[in-house]
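**Student:**
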Amino acid sequence: MDTGWILLTFLAAAAGSLVLGLLLRGVDRKVTARVQWRVGPPLYQPLIDVIKLTGKETLMPVTARRTGFLLAPMLALAATGVAAVILWRALLQPEVTFMGDLIVVVYLLTIPALMTILGASASGNPHAAVGAARELKLLLSYELPLFLVILLAIARAGWTFQLGVLAGHTPALYSISGVIAFVIAILCMQAKLGQIPFDMAEAECELMSGVYVEYSGLPLGMFLMARAMMLALLPLLLVMVFWGGLTLSGNVLHKLLGVAAFLGKYLLLVVLVVLIRNTNPRLRIDQTLRLFWYRLTPAAAFAVALTLVGISRGLKWL
Amino acid sequence: MALKNWALRKSLWVYHVNAGACNNCDIEVLELLTPRYDIERFGMILVGSPRHADVLAVTGVCTRQAQPRLQEVYMQTAKPCVVMAVGSCAGAQGIFTEAYHMGNTVDEAIRAVDPGAIIMYVPGCPPKPEAMISAAVKAIGYLKELASPAASSGEVGGGVRG
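Chains as they are written, first to last, in my numbering: chain A, 1 to 318; chain B, 1001 to 1162.
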């Protein structure tokens, strides 16, 4: 494969998931408005917001570390772009993925949170510092259960670390431990997306949008774009890891059914994110830590143990 | 440039500055977010940081204490931005004109740091939410004129700039 193709694939996947993510954000805002008995903005509103932010002035706080402050949003966007390429490629061409791409994707999807912490710390704002501290604690709380439940899916698929192979296996969801793992994974996704009930790092009212408080113009737009892409990519990752991805085999009808099933699963997860966000109040950071460390991490470990027992005894449903 | 101006008109983010208001206008500003008025239809949302804002909704008389803060908030707002002086107090200090603790009026305070600032006035005590929506629509119209070719000849904005 020559460089031109690589660049083209990168651009198509990154731009595609960007537009998709912004539209999903629009769905999010529209549904939120309907839940609150409002009309709400048009579906493409987040797209307009991002275009507007490119035309705004970028202000530099006097207390900010210039390099870190400006580099953080770029790296966040770049990381989600690369993750988008690997994920879409694993979905559409499962046979050409490389060994360990799952690990790469999971790490790449951690970078936006890390960059948010870096950018917020570099801005030198006390609100942003509180937000960054919370984001860091949030990261520490949800990463371990997320790794555990992904490990469960890996174990069920015969210890493969390849996304394409993993998605081709019998879905982990069709078992008792798989269901437990999937519920935990959805909560981790909610936390990773920084959506209510886990939006304490941003906290519009108490922290004045916390980690993003000093950002304006294009850097703010980049963070919003990275977050929108996360909204498009995380449900995709969950579908592929737990629910079997996209199956294209047989005649045209079967292929169409496969696409429809994939879209159904994907949209179900997105709608779940939106509904959880609209029906829950924000948790405090200590409540979140307690939830993830004392409830969900042991539950995830229990599910992994169930799976290992199931594998050793040959009980597929366990 | 035309695209960016269009996007700006479609997505005005509002930051609310209280420069010594009696809280009456503040309640009316919050009214805009309720299902009855739902300003998010026009893509307008209330943001928590002036750095994210396109519109500064200033309420209150602009007291001597508040004036330097208001000027600082204006300077920390990413340009281009519009200032919306909400209520009689923000317009011309209302019944408090002669009081001992007054700074300059809101528009004078902001003109002192940026002579070219776009300032709109929404009179009323307090102004109705409909009046604020009308002001927002006028602001959008003004920004539209600003983007048109006539802007270079300095023909635009009669009345809006006050």
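Glycine is no exception: its CB is placed at the ideal position from the N, C-alpha and C atoms.
May I have a chain-ordered list of the beta strand (DSSP E) segments no shorter than 3 residues that lie completely inside the region 131-182 of chain A?
**Tutor:** none
**Student:** Could you name the residues of chain A that Q1076 (chain B) contacts, counting a contact when the two beta carbons are closer than 7 angstroms?
**Tutor:** Numbered from its first residue, the second sequence carries residue 1076 (chain B) at position 76. Near Q1076 (chain B) (Cβ distances below 7 angstroms), the residues of chain A are L59.
**Student:** Let's see if you can read the secondary structure: which residues bound the alpha helix (DSSP H) around M1084 (chain B)?
**Tutor:** What you label residue 1084 (chain B) is simply residue 84 of the second sequence in a count that begins at 1. Unbroken run through M1084 (chain B) is the beta strand (DSSP E), 1082-1086; no alpha helix (DSSP H).
**Student:** Determine, using beta carbons only, whether H1052 (chain B) comes closer than 8 angstroms to chain A.
**Tutor:** Here the question's residue 1052 (chain B) lines up with position 52 in the second sequence. Chain A, which has a Cβ nearer than 8 angstroms to the Cβ of H1052 (chain B), makes this yes.
**Student:** Step through the CB atoms of chain A and report whether any lies within less than 8 angstroms of the CB of E1040 (chain B).
**Tutor:** Here residue 1040 (chain B) is taken as the residue at index 40 of the second sequence, counted from 1. The Cβ of E1040 (chain B) sits closer than 8 angstroms to at least one Cβ of chain A.
**Student:** Does the beta carbon of L1008 (chain B) come closer than 8 angstroms to any beta carbon on chain A?
**Tutor:** As a working mapping, residue 1008 (chain B) is identified with position 8 in the second sequence. It does: the Cβ of L1008 (chain B) has a partner Cβ on chain A nearer than 8 angstroms.
**Student:** One question on the structure: do Q45 (chain A) and G1141 (chain B) come within less than 8 angstroms of each other, judged by their Cβ atoms?
**Tutor:** Translated into positions along the first sequence, residue 45 (chain A) becomes position 45. Translated into positions along the second sequence, residue 1141 (chain B) becomes position 141. The answer is no: Cβ separation not under 8 angstroms.
**Student:** Take K1079 (chain B) as the anchor and find which of A:L59, A:A90, A:F98, A:L77 has the nearest alpha-carbon.
**Tutor:** Translated into positions along the second sequence, residue 1079 (chain B) becomes position 79. Taking only the C-alpha atoms, the option nearest K1079 (chain B) is A:L59.
**Student:** Is the Cβ of W293 (chain A) closer than 8 angstroms to any Cβ of chain B?
**Tutor:** Start at 1 with the first residue of the first sequence, and residue 293 (chain A) comes out as number 293. False, the Cβ-Cβ gap to chain B never drops below 8 angstroms.
**Student:** Please state if the CB of G310 (chain A) and the CB of S175 (chain A) are separated by a distance shorter than 8 angstroms.
**Tutor:** If you number the first sequence from 1, residue 175 (chain A) lands on position 175. If you number the first sequence from 1, residue 310 (chain A) lands on position 310. In contact: S175 (chain A) and G310 (chain A) (Cβ atoms closer than 8 angstroms).
**Student:** Any beta-carbon of chain A closer than 8 angstroms to the one on A1021 (chain B)?
**Tutor:** Position 21 of the second sequence, counted from the first residue, corresponds to residue 1021 (chain B). Taking Cβ atoms only, chain A never reaches closer than 8 angstroms to A1021 (chain B), which makes this a no.
**Student:** Helix or strand or just coil, what does DSSP make of N1005 (chain B)?
**Tutor:** Indexing the second sequence from 1 puts residue 1005 (chain B) at position 5. Three-state result, N1005 (chain B): helix.
**Student:** In angstroms with no decimal places, state the Cα-to-Cα distance between R1041 (chain B) and T1034 (chain B).
**Tutor:** Here residue 1041 (chain B) is taken as the residue at index 41 of the second sequence, counted from 1. Here residue 1034 (chain B) is taken as the residue at index 34 of the second sequence, counted from 1. Taking the straight line from one Cα to the other gives about 11 angstroms.
**Student:** Can you find a C-beta in chain A that's less than 8 angstroms from the C-beta of P1035 (chain B)?
**Tutor:** Walking along the second sequence from the start, residue 1035 (chain B) turns up at place 35. Yes, contact with chain A.
**Student:** With a cut-off of 8 angstroms, does the C-beta of G55 (chain A) fall near any C-beta of chain B?
**Tutor:** Residue 55 (chain A) sits at position 55 when you count from the first residue of the first sequence. For G55 (chain A), at least one C-beta of chain B is nearer than 8 angstroms to its own C-beta.
**Student:** List the whole-angstrom C-beta distance separating G1087 (chain B) from P1129 (chain B), where the pair is believed to meet the contact cut-off of C-beta under 8 angstroms.
**Tutor:** In the second sequence, counting from the first residue as 1, residue 1087 (chain B) sits at position 87. In the second sequence, counting from the first residue as 1, residue 1129 (chain B) sits at position 129. Actually they are not in contact, since the Cβ atoms of G1087 (chain B) and P1129 (chain B) sit about 12 angstroms apart, beyond 8 angstroms.
**Student:** How many angstroms separate the CA atom of A1092 (chain B) from the CA atom of H127 (chain A)?
**Tutor:** Translated into positions along the second sequence, residue 1092 (chain B) becomes position 92. Translated into positions along the first sequence, residue 127 (chain A) becomes position 127. A1092 (chain B) and H127 (chain A): Cα-Cα distance of roughly 34 angstroms.
**Student:** May I ask you to list the residues that DSSP assigns as paired with W1013 (chain B)?
**Tutor:** Locating residue 1013 (chain B) in the second sequence gives position 13, counting from the first residue. According to DSSP, which records beta bridges pairwise, W1013 (chain B) is partnered with B:I1045.
**Student:** Classify Q1067 (chain B): buried if its beta carbon has 16 or more other beta carbons within 10 angstroms, exposed otherwise.
**Tutor:** In the second sequence, counting from the first residue as 1, residue 1067 (chain B) sits at position 67. With 16 or more Cβ atoms within 10 Å of its Cβ, Q1067 (chain B) is classed as buried.
**Student:** Could you check which residue in A:P219, A:G314, A:L238 has the C-alpha nearest to that of A120 (chain A)?
**Tutor:** Walking along the first sequence from the start, residue 120 (chain A) turns up at place 120. Comparing Cα-Cα distances from A120 (chain A) to each of A:P219, A:G314, A:L238, the minimum goes to A:P219.
**Student:** Along the chain, where does the beta strand (DSSP E) that runs through Y266 (chain A) open and close?
**Tutor:** If you number the first sequence from 1, residue 266 (chain A) lands on position 266. That residue, Y266 (chain A), is in no beta strand (DSSP E); its alpha helix (DSSP H) goes 252-278.
**Student:** Going by alpha carbons, who is nearest to L18 (chain A) out of A:V82, A:V183, A:E202, A:P145?
**Tutor:** The count along the first sequence starts at 1 and reaches residue 18 (chain A) at position 18. Here the closest residue by C-alpha is A:V82.
**Student:** With a cut-off of 8 angstroms, do at least 3 Cβ pairs link the region 243-260 of chain A to the region 85-94 of chain A?
**Tutor:** yes
**Student:** What is the rounded straight-line gap between the Cα of V239 (chain A) and the Cα of F262 (chain A)?
**Tutor:** Position 239 of the first sequence, counting from 1, holds the residue named residue 239 (chain A). Position 262 of the first sequence, counting from 1, holds the residue named residue 262 (chain A). Computed Cα separation, rounded: 8 angstroms.
**Student:** To the nearest angstrom, how far is the alpha carbon of L1070 (chain B) from that of N278 (chain A)?
**Tutor:** Counting from 1 along the second sequence, the entry for residue 1070 (chain B) is found at position 70. Counting from 1 along the first sequence, the entry for residue 278 (chain A) is found at position 278. Computed Cα separation, rounded: 35 angstroms.
**Student:** Using beta-carbon positions only, say whether V211 (chain A) and A226 (chain A) come within less than 8 angstroms of one another.
**Tutor:** Position 211 of the first sequence, counting from 1, holds the residue named residue 211 (chain A). Position 226 of the first sequence, counting from 1, holds the residue named residue 226 (chain A). Taking 8 angstroms as the Cβ cut-off, V211 (chain A) and A226 (chain A) do not qualify as a contacting pair.
**Student:** Give me whichever residues DSSP pairs with T1063 (chain B) in a beta bridge.
**Tutor:** On the second sequence, position 63 is the one that residue 1063 (chain B) refers to. Looking at the DSSP assignment, T1063 (chain B) forms a beta bridge with B:M1102.
**Student:** Per DSSP, V85 (chain A) is paired with what?
**Tutor:** Locating residue 85 (chain A) in the first sequence gives position 85, where the first residue counts as 1. None; V85 (chain A) has no bridge partner.
**Student:** Tell me the DSSP secondary structure of M1218 (chain B) in three-state form.
**Tutor:** In the structure displayed, chain B extends from 1001 to 1162; residue 1218 (chain B) sits before or after that span and is not available.
**Student:** When burial is assigned at 16 or more other CB atoms within 10 Å of the CB, is L1046 (chain B) buried or exposed?
**Tutor:** By 1-based counting over the second sequence, the position of residue 1046 (chain B) is 46. A residue is called buried once 16 or more other Cβ atoms fall within 10 Å of its Cβ, and L1046 (chain B) is buried on that count.
**Student:** Looking at G221 (chain A) and L53 (chain A), is the spacing between their C-beta atoms short of 8 angstroms?
**Tutor:** The residue you call residue 53 (chain A) lines up with position 53 of the first sequence. The residue you call residue 221 (chain A) lines up with position 221 of the first sequence. Yes, they are a contact pair.
**Student:** Would you report the Cα separation of Y1121 (chain B) and A1090 (chain B), rounded to the nearest angstrom?
**Tutor:** Taking the second sequence and counting its residues from 1, one reaches residue 1121 (chain B) at position 121. Taking the second sequence and counting its residues from 1, one reaches residue 1090 (chain B) at position 90. Roughly 8 angstroms between the two C-alpha positions.
**Student:** Assign L1056 (chain B) to one of three DSSP states: helix, strand, or coil.
**Tutor:** Here residue 1056 (chain B) is taken as the residue at index 56 of the second sequence, counted from 1. In this structure, L1056 (chain B) counts as strand in the three-state DSSP scheme.
**Student:** Suppose contacts are defined by Cβ-Cβ distances below 8 angstroms. Is E214 (chain A) in contact with G1048 (chain B) by that definition?
**Tutor:** Mapped onto the first sequence, residue 214 (chain A) falls at position 214. Mapped onto the second sequence, residue 1048 (chain B) falls at position 48. Result no, Cβ atoms of E214 (chain A) and G1048 (chain B) do not sit closer than 8 angstroms.
**Student:** List, in order along the chain, the chain A residues whose C-beta lies closer than 9 angstroms to that of V1047 (chain B)?
**Tutor:** As a working note, residue 1047 (chain B) is residue 47 in the second sequence. What V1047 (chain B) touches in chain A: E204, M208, S209.
**Student:** Check whether the region 22-31 of chain A touches the region 227-234 of chain A, taking contact to mean three or more Cβ pairs, one atom from each stretch, closer than 8 angstroms.
**Tutor:** Touching, per the Cβ criterion.
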